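Structure first, then comments.
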Amino acid sequence: MSDYLEPRYDEVNRDVLQTMQTSPAYWRALGLSFAIALILFVGPWVYMMNVGIGVSGNNRSAVWSTYLSNFIFWIGLSHSGTLLSAVLHITKSEWRKAIYRSAEAMTLFSLVTAALFIMVHVGRIWFVHWTVPIPNQMEMWPNFRSPLMFDVMAIATYLTGSSIFIYMGSLPDFAAVRDASTGLRRRIYAIMCFGWRGTEKQWHTLHWAYTFFAVFIIPLAVSVHSIVSWDFALSVVPGMHQTIFAPYFVTGAIYSGTAGIVSVMYLLRKYMHLERYIRTIHVVNLGKLLILLSLLWTYINILEIFTGWYSGSSFEYEQIKYKLFGFYAPAYWEMITFCAGVPLLIFFKRVRESWNIMFAISILVNIGMFTERFLIVATTQPRKFLPDAFGFYSPSLVEVSIAVGSFAVFTTLFLVFVKVVPCVSIYEVKETLKPLRRAA
Amino acid sequence: MGKLRDMLRKYSKPGYYDKYDYHWGMTIDLDRCTGCEACVVACQAENNLPIVGEKLIAQGKEIKWLRIERYWHGEYPNIKLTFLPMLCQQCDKAPCEIACPVSATYHNQDGLNTQVYNRCIGTRTCAVYCPYDVRYFNWFDYQWDEPLEQQLNPDVTVRERGVMEKCTFCIQRIRQAKDTAKDEGRRRLRDGDVTPACVQSCPTGAMVFGDMNDSNSRVSKMAANSRGYKVLKELNTDPSIVYLSKVESDV
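Protein chains in written order, with the numbering used here: chain H, 1 to 440; chain U, 441 to 691.
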């Protein structure tokens, strides 16, 4: 860190705004991910809409499929961005400032991807608006006892809240883009920044509003994943019907979200040349957070098995036995290795200060967390109570394709984002600079 | 305040949860069940159940509102087989009813757990929440080969792809019987006025159907039998179907 030279004000503007310039390599990357999203996500989805949900690996007892595990995965990934940013904002952590913008963008686009999976999941997508309480001529109203109904509400609120949060935080940066550009682009950003001029009053209002939203977002982020967990926990199905599910899901979500942030930071740093802004201190701090979450996650996992055993119910025993030693046992132990074992390496200083190793760990954690979500769907609901009705679930080609394609959907959205919004907060990075370097 | 409290009570516990016009119920005597599956076929014919074909059955995508579960006891050669006809239990406290975000499944005045096909958007949550696995999903649009489409029951909807379905206790027959009773000037149905297809077709008479609210009905008397039990009673779903356990003869 000794060779680190703090940038000057004008350098901050220049360095961050240069990331918004497009290059042929960028267009190729965007075109590729858009094409993959079309072929692997949209294509199979349209096919499934026309033929029926049966093209997925579902059957009579396994009526839920990987669409829902993908949904939880993406919601989980969305969890750290805005939450972390908000928590760090109100605790006044300086190191947040360089990374929060892209972390929040990750939240937003993961949420959009997750919402897409609800659409993919339902049998009759053309009636999906019935889940929203819109007054209608049929005088029909959604069922407010349903956890899915809570889900629609929670996700809509979270999506609205986090998009306003990210937009509001970007206002001064839109103004910076406006000042640095000409022509049509200048006019568009002039509208986008709501005529930001940087007066004392505007700064004051922005800070007040921003802190208000930060406080507003935190309970929201916790409630969203609790509610997603109730989709499962409010059933009577052994292995799902557990009070631990809400904290389990929230911890898992923040865990995978933090790992996701490490991955995205690594890529942004490497391919957008932001080494001076996204620094080792960021990966070290995120690493410490990761290890805390990893231990918490391990604890809850042990607790989940303990509660099942302590219940004394033979159905729960059977469920635990199947999960630990059944067909999907290799996946289960893979998850334990990646999410409970590997992150322990972060205890070593050498590991947490190395971007490459941390990137590898973050990817492994998210593979583990993806497996966890898959197991929740694949091991519980096909094996409920009556042994004669026990089934087996394995994903079909359409499901695999849509799951892979969803990453391309996310990448496409993110690639568009980094060219529209400065992916590092210009004005807040400047706030962290030492006064000596402020002079141009 | 008193009025408000009344309203709250009314809202939190609608009348039909403890007092039904009718409370349709069934008893199934496992000692009489031979596992012939006549009821399964009758149900398929009465309720326009799709013929999904060999391939989809192998994938476990069949639709059988009523299925005969088989449970083997012991090791060969001392082996015994029990049949358990499993159909929608029409639970009074049904886990599926809270699950549906659009109220496509609800409890009606007859104590039936009803599925509204037109309202269903296919989240399949009800099927996951159902501990008996008796809800079936239309994975595809199904065709009836000629001349089978001629035998479709005009009283029953043909379901489109993407909706959930399940046993209705032949609600179309209940409606028919109520209409007839009204035409004849009777206020209530008599015991035996309604017979679902499965009950009608059972050669050994293992199934009895009727109004549980009427303590003199045949079904109420059968349900009072000491052999009676409810499947997965510990889940507290309060099913409307009472099974009479098999009599062990080789003591």
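Using N, Cα and C, we set each Cβ at its ideal position, and we do this for glycine too.
These figures come from a predicted structure and were not determined experimentally.
In the pairwise beta carbon analysis, the region 489-502 of chain U is classified as not touching the region 520-529 of chain U: fewer than three pairs are separated by under 8 Å. Using a 10 angstroms sphere on the CB of H/P422, the tally of other CB atoms reaches 16 or more, which defines it as buried.
Within chain U, no C-beta atom comes nearer than 8 Å to that of H/I164; the closest sits roughly 26 Å away.
Classified as buried, H/A221 has 16 or more neighbouring CB atoms from the shown chains inside 10 Å of its CB. Non-local C-beta neighbours of H/L397 in its own chain, meaning closer than 6 Å and more than five positions away in sequence, are absent. Contact annotation, H/V177 with H/M20: C-beta distance approximately 7 Å; criterion of less than 8 Å satisfied. Per the DSSP secondary-structure output, U/G650 pairs in a beta bridge with U/G465.
Around the beta carbon of H/H79, 16 or more other beta carbons sit within 10 angstroms, so the residue counts as buried. By the Cβ-count criterion, H/D388 is exposed, with fewer than 16 other Cβ atoms from all chains shown falling within 10 Å of its own Cβ. Taking CB atoms only, H/R383 has no neighbour in chain U less than 8 Å away.
For U/E509, the chain H residues whose Cβ falls inside 8 Å of its Cβ are L386, D388 and A389, in order along the chain.
In this structure, U/R601 is the residue among U/L470, U/D633, U/R601 and U/V492 with its C-alpha nearest to the C-alpha of U/D581.
DSSP places U/Y683 in the uninterrupted beta strand (DSSP E) bounded by I681 to L684. Neighbours of H/H121 in chain U, taken as residues whose beta carbon is under 9 Å from its own, are G562, T563 and R564 in chain order. Residues of the region 531-543 of chain U with a C-beta atom less than 9 Å from some C-beta of chain H are P535, E537, I538, A539, C540, P541, V542 and S543, listed in chain order. Non-local C-beta neighbours of H/I72 in its own chain, meaning closer than 7 Å and more than five positions away in sequence, comprise V228 and R373, ordered along the chain. Nearest C-alpha to U/D573 among U/E509, U/V542 and U/W584: U/E509. The alpha-carbon separation between H/G43 and H/V400 amounts to approximately 13 Å. Rounded to the nearest angstrom, the Cβ distance from H/L295 to H/T251 is 10 Å, too far for a contact under 8 Å. Contact of H/N70 with chain U is not assigned, every C-beta pair being separated by 8 Å or more. Here the alpha carbon of H/V424 sits roughly 23 Å from the alpha carbon of H/S33. In the three-state DSSP reduction, U/T545 falls in the strand class (E or B). Within chain H, the residues whose beta carbon sits less than 7 Å from that of U/Q499 are N59, listed in sequence order. Three or more Cβ pairs closer than 8 Å define a contact, and the region 612-631 of chain U meets that threshold against the region 640-660 of chain U. It is roughly 47 Å from the alpha-carbon of H/P247 to the alpha-carbon of U/P636.
It is roughly 14 Å from the alpha-carbon of U/T608 to the alpha-carbon of U/P679.
Less than 8 Å divides the Cβ of H/P172 from the Cβ of H/G198. Minimum Cα-Cα distance from U/E537 among the listed residues U/L592, U/L527 and U/N553 corresponds to U/N553. Residues of the region 29-57 of chain H with a C-beta atom less than 7 Å from some C-beta of chain U are V51, G52, I53 and G54, listed in chain order. Neighbours of U/M526 in chain H, taken as residues at a C-beta separation under 9 Å, are given in chain order as L386, D388 and A389.
Our two residues, H/T66 and U/R449, have alpha carbons roughly 41 Å apart in a direct line. The C-beta distance from H/S61 to H/P395 rounds to 15 Å, too long to fall under 8 Å, and the pair is not in contact.
Residues of the region 129-147 of chain H with a C-beta atom less than 8 Å from some C-beta of chain U are W130, T131, M140, W141, P142, N143, R145, S146 and P147, listed in chain order.
When H/E431, H/F41, H/D231 and H/V418 are compared, the shortest CA-CA separation from H/Y271 is found for H/V418. At a beta-carbon threshold of 7 Å, none of the residues of chain U lie near H/S362; the nearest stands roughly 32 Å away. Going by C-alpha positions, U/E477 is about 8 Å away from U/R507.
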